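Here is the structure we will look at.
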Amino acid sequence: MKHGLAAFNVDRSERYEITASLLSKQNKELDDQLSIFQDRLIEFAKDHNAELKENPDFRMKFIKMCTSIGIDPICLFDKERHLFDVNDFFYEICVKVIELCRKTKDLNGGVISFDELHKGYFEKFKVEMNDLQRAVEMLEVLDGGFEVFTIKDKKYLRSVPNELTNDQTKILEVCSILGYASTSLLKLNLDWKPVRSDAVLKEMVANGILWVDIQAPGETLYWDPAWIARSDFFRMSL
Amino acid sequence: MGQGNSKIEVTKADKAILQLKISKDELHRYTKHTETLVFNERKRLKSLLREDPKGGTKNPRARILLKKIHYQSRLLDQAADQLINLENLVATVEFKLVERQFMAGLKQGNEVLTRLNREFKGAEDLMDSVAEQIAYQEEIDQVLSSSVVGGFEEELDRELEALDQEVNGTVNVPENSAIGAGEELGLPDVPADKPVVSPEMPSTGELPRIQDPDKAHERAGTQTKSEPQRERALA
Amino acid sequence: MTENLPPIYNFPPLYTCQPNVLIREQQLNTWCDLLLEYAKNNNAWCINQEGFIMGTSESNNNTIFKNESIQRAAPAPFIDQIWRKMLQSQKVVKSSSGVYFMLWRTIDYWSSLMLQWFETCGKLNQVVTLYELLEGDESLNWEFHGMHQSLCEECLQRLCDRGRATLLKEQNKVMGIKVL
Numbered sequence: 001m002k003h004g005l006a007a008f009n010v011d012r013s014e015r016y017e018i019t020a021s022l023l024s025k026q027n028k029e030l031d032d033q034l035s036i037f038q039d040r041l042i043e044f045a046k047d048h049n050a051e052l053k054e055n056p057d058f059r060m061k062f063i064k065m066c067t068s069i070g071i072d073p074i075c076l077f078d079k080e081r082h083l084f085d086v087n088d089f090f091y092e093i094c095v096k097v098i099e100l101c102r103k104t105k106d107l108n109g110g111v112i113s114f115d116e117l118h119k120g121y122f123e124k125f126k127v128e129m130n131d132l133q134r135a136v137e138m139l140e141v142l143d144g145g146f147e148v149f150t151i152k153d154k155k156y157l158r159s160v161p162n163e164l165t166n167d168q169t170k171i172l173e174v175c176s177i178l179g180y181a182s183t184s185l186l187k188l189n190l191d192w193k194p195v196r197s198d199a200v201l202k203e204m205v206a207n208g209i210l211w212v213d214i215q216a217p218g219e220t221l222y223w224d225p226a227w228i229a230r231s232d233f234f235r236m237s238l
Numbered sequence: 001m002g003q004g005n006s007k008i009e010v011t012k013a014d015k016a017i018l019q020l021k022i023s024k025d026e027l028h029r030y031t032k033h034t035e036t037l038v039f040n041e042r043k044r045l046k047s048l049l050r051e052d053p054k055g056g057t058k059n060p061r062a063r064i065l066l067k068k069i070h071y072q073s074r075l076l077d078q079a080a081d082q083l084i085n086l087e088n089l090v091a092t093v094e095f096k097l098v099e100r101q102f103m104a105g106l107k108q109g110n111e112v113l114t115r116l117n118r119e120f121k122g123a124e125d126l127m128d129s130v131a132e133q134i135a136y137q138e139e140i141d142q143v144l145s146s147s148v149v150g151g152f153e154e155e156l157d158r159e160l161e162a163l164d165q166e167v168n169g170t171v172n173v174p175e176n177s178a179i180g181a182g183e184e185l186g187l188p189d190v191p192a193d194k195p196v197v198s199p200e201m202p203s204t205g206e207l208p209r210i211q212d213p214d215k216a217h218e219r220a221g222t223q224t225k226s227e228p229q230r231e232r233a234l235a
Numbered sequence: 001m002t003e004n005l006p007p008i009y010n011f012p013p014l015y016t017c018q019p020n021v022l023i024r025e026q027q028l029n030t031w032c033d034l035l036l037e038y039a040k041n042n043n044a045w046c047i048n049q050e051g052f053i054m055g056t057s058e059s060n061n062n063t064i065f066k067n068e069s070i071q072r073a074a075p076a077p078f079i080d081q082i083w084r085k086m087l088q089s090q091k092v093v094k095s096s097s098g099v100y101f102m103l104w105r106t107i108d109y110w111s112s113l114m115l116q117w118f119e120t121c122g123k124l125n126q127v128v129t130l131y132e133l134l135e136g137d138e139s140l141n142w143e144f145h146g147m148h149q150s151l152c153e154e155c156l157q158r159l160c161d162r163g164r165a166t167l168l169k170e171q172n173k174v175m176g177i178k179v180l
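Residue numbers (the UniProt record's numbering), protein chains in the order written: chain E, 1 to 238; chain A, 1 to 235; chain F, 1 to 180.
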């Protein structure tokens, strides 16, 4: 059926297919090799735990090498066997926490819930909630403007050095229930005068802690961005 | 804009193929369109029958719809045939183009071959003259070898050896001296323009000449030896 | 159509222009990401100012800027801002007819992908129509299959600029291309 150039096309495409399959095979092999190498490296870290613990220079170089080939240092730690110095493990978590806070600062005005942190990154590496809390405690000691506060049994981390006022904390508290706050809601729950609510809410918007929503029926709503992570959680659990 | 700038030329054949392909595309589009049409109408027919399971088969609308579907699918078949025809045509044209390239390549190859062959004609003359030269060389060789015919060589060897022993005192490797003698023997003969073979040529008159270079060498040796002496005397 | 978008799509204040400049910047960036993601998920090459997908005859009475499930819609001036941001970050190209071509990949990426197609399918040094390239059976499994013609012209122009191709016109309309 195929005359003319089409006859050549078949040949050619076959040839290209072979190259393509060869290339993908090579790619796969390289990937395999890399993952094997990564596993070995982790094994190595476990076997030579003592030396790594003793020699900080060696340890630093080793961690550097691991990051350069794509191993997150967190997965090198093994709490049960006290791999490396346990403190190093928490330091690594601290670094990640700071990184995440910086990344999300413009989205949530520097206030992030522990749940968000945990779900956003640490869950993948089997870092537990209390590990995270311990690491953040260490951050607080550093006095870098990090502060932990609790709203309705939920812990939050504030990474911008701006003291939250009592009123602001209360509003966040309200937000943790429905995801938003409004003047009428504050009047109902806290018996605040609309002027007071308005002032605090506006200020929080200016600080970037809350987002305005003027399309709700009736009145303006003020949303806490932490809602996004929570709704994601609902969607996944459904 | 691209047409003006780029150097890739667009031939008439390209234009023709473009026209062909455009009509092919048009057909392709038509078949796609008709396919969806038929599909949709089939769906409609099915829903029609489902709605009215009893009178559905007698429903004139259903009949018309079915007829329409048949008509459309016949058109579709025709279009598909035409599409195949067009595709074949495009393929043949493209193949012809390749063939033309192939012919051009063949022609060029042929030209090169003939040109090379023409050059080989000169090579024939060259070969002739080379053969002549070789023949000439052989002639010379013959003359040379015949100039030392008949046991004379052995005599020469023996005499050289004796001389060598006389000069160096040791028994020399005979081959060396033989070669040396040969060279010295051969050299004076080459300038003889007429290679006339004459048996009288190897006369004993040549013998002193063989010895001569040796003696001259000796003399030269004494001279060089005496020179520094003279210099010393001068000093 | 909007099912696979990240949860922030259902965040009600996303549809209100935020007064805080930093936050608004973040909000606009979020919208840009959402638009590209939306276009990629739905193979929407072409979206108009109001957020409707162009070119597909199927039910497109939904705009991305309106979220029925939470009863929110971005107002027109804010949509303007979003498009401006998209243009500014070169995630979109505005056509002469006023619609936007979504670039979830860059034009350069598309043009090299097309070049790859020409090479692997043995289409070098022969005339190929744009229809054949975009709608033909031979490009079915390629990501650019179904691309809008004028966007495709833009991509092919890159190949011409590199001296690899020439466009063939028919009645002042680009119909085909020849790649070396």
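C-beta: ideal position from N, C-alpha, C; glycine also.
Since the model is a prediction, treat every value here as computed from it, not as a measurement.
Which class does residue i belong to by DSSP, given the choice of helix, strand or coil?
i, result
"Tyr100 of chain F", "strand"
"Asn88 of chain A", "helix"
"Leu168 of chain F", "strand"
"Ala74 of chain F", "coil"
"Ile69 of chain E", "coil"
"Cys160 of chain F", "helix"
"Cys46 of chain F", "strand"
"Gly182 of chain A", "Legend: pLDDT at Gly182 of chain A = 47, less than 50; position of this residue unreliable, value from coordinates given subsequently. In the structure shown, Gly182 of chain A sits in a helix (DSSP, three-state: H, G or I)."
"Ile53 of chain F", "strand"
"Met147 of chain F", "coil"
"Ser139 of chain F", "helix"
"Tyr121 of chain E", "coil"
"Leu23 of chain E", "helix"
"Cys17 of chain F", "coil"
"Phe95 of chain A", "helix"
"Pro6 of chain F", "coil"
"Gln211 of chain A", "Here the model assigns Gln211 of chain A a pLDDT of 49, short of 50, so the residue's position is not dependable, and the following value carries that caveat. Note: Gln211 of chain A maps to helix in three-state DSSP."
"Asp14 of chain A", "helix"
"Glu9 of chain A", "coil"
"His70 of chain A", "helix"
Considering only DSSP beta bridges, list what residue i is partnered with.
i, result
"Asn40 of chain A", "Per DSSP, none; premise fails for Asn40 of chain A."
"Tyr222 of chain E", "E:Ala181, E:Val212"
"Ser113 of chain E", "E:Tyr156"
"Lys94 of chain F", "F:Tyr100"
"Asn67 of chain F", "F:Arg72"
"residue 181 of chain F", "Past the boundaries of the shown model lies residue 181 of chain F; chain F is included only from 1 to 180, so the question cannot be answered."
Using 8 angstroms for Cβ pairs, my map puts residue i next to residue j. What's the rounded Cβ distance?
i, j, result
"Lys152 of chain E", "Ser176 of chain E", "5 angstroms"
"Asn43 of chain F", "Gly146 of chain F", "6 angstroms"
"Ala45 of chain E", "Phe62 of chain E", "7 angstroms"
"Ser89 of chain F", "Cys32 of chain F", "6 angstroms"
"Trp223 of chain E", "Phe78 of chain F", "About 16 angstroms; that fails the 8 angstroms criterion."
"Phe101 of chain F", "Cys46 of chain F", "6 angstroms"
For the alpha helix (DSSP H) containing residue i, name the first residue and the last one.
i, result
"Glu135 of chain F", "130-135"
"Lys202 of chain E", "194-206"
"Val167 of chain A", "152-168"
"Leu115 of chain F", "107-120"
May I ask which residues mark the beginning and end of the beta strand (DSSP E) holding residue i?
i, result
"Ala39 of chain F", "Careful: Ala39 of chain F lies outside any beta strand (DSSP E), inside the alpha helix (DSSP H) at 21-42."
"Phe149 of chain E", "147-151"
"Val174 of chain F", "173-179"
Judging by CA-CA distance, which residue of the options is the nearest neighbour of residue i?
i, options, result
"Glu37 of chain F", "F:Ile70, F:Phe118, F:Gln81, F:Pro7", "F:Pro7"
"Met54 of chain F", "F:Ser112, F:Leu22, F:Val99, F:Gln149", "F:Val99"
"Arg24 of chain F", "E:Phe58, E:Leu172, E:Gly208", "E:Gly208"
"Leu151 of chain F", "F:Leu28, F:Glu132, F:Ser111", "F:Ser111"
"Arg42 of chain A", "A:Lys68, A:Lys24, A:Glu139, A:Ser23", "A:Lys68"
"Arg74 of chain A", "A:Arg61, A:Ser146, A:Ala16, A:Leu37", "A:Leu37"
"residue 181 of chain F", "F:Leu134, F:Ala76, F:Phe144", "Lying before the first or after the last residue shown, residue 181 of chain F is absent from chain F, which here runs from 1 to 180."
"Gln18 of chain F", "E:Ala226, E:Trp192, E:Pro217, E:Ala206", "E:Ala206"
"Gln149 of chain F", "F:Ser139, F:Cys160, F:Glu135", "F:Glu135"
"Pro194 of chain E", "E:Glu203, E:Ser184, E:Lys202", "E:Ser184"
"Val136 of chain E", "E:Thr169, E:Ser159, E:Ala199", "E:Ser159"
"Trp83 of chain F", "F:Ile70, F:Asn62, F:Leu35", "F:Leu35"
Just the chain B side, please: which residues come within less than 8 angstroms of residue i by C-beta, in chain order?
i, result
"Gly208 of chain E", "Within the model displayed, chain B is absent; protein chains E, A and F are what it includes."
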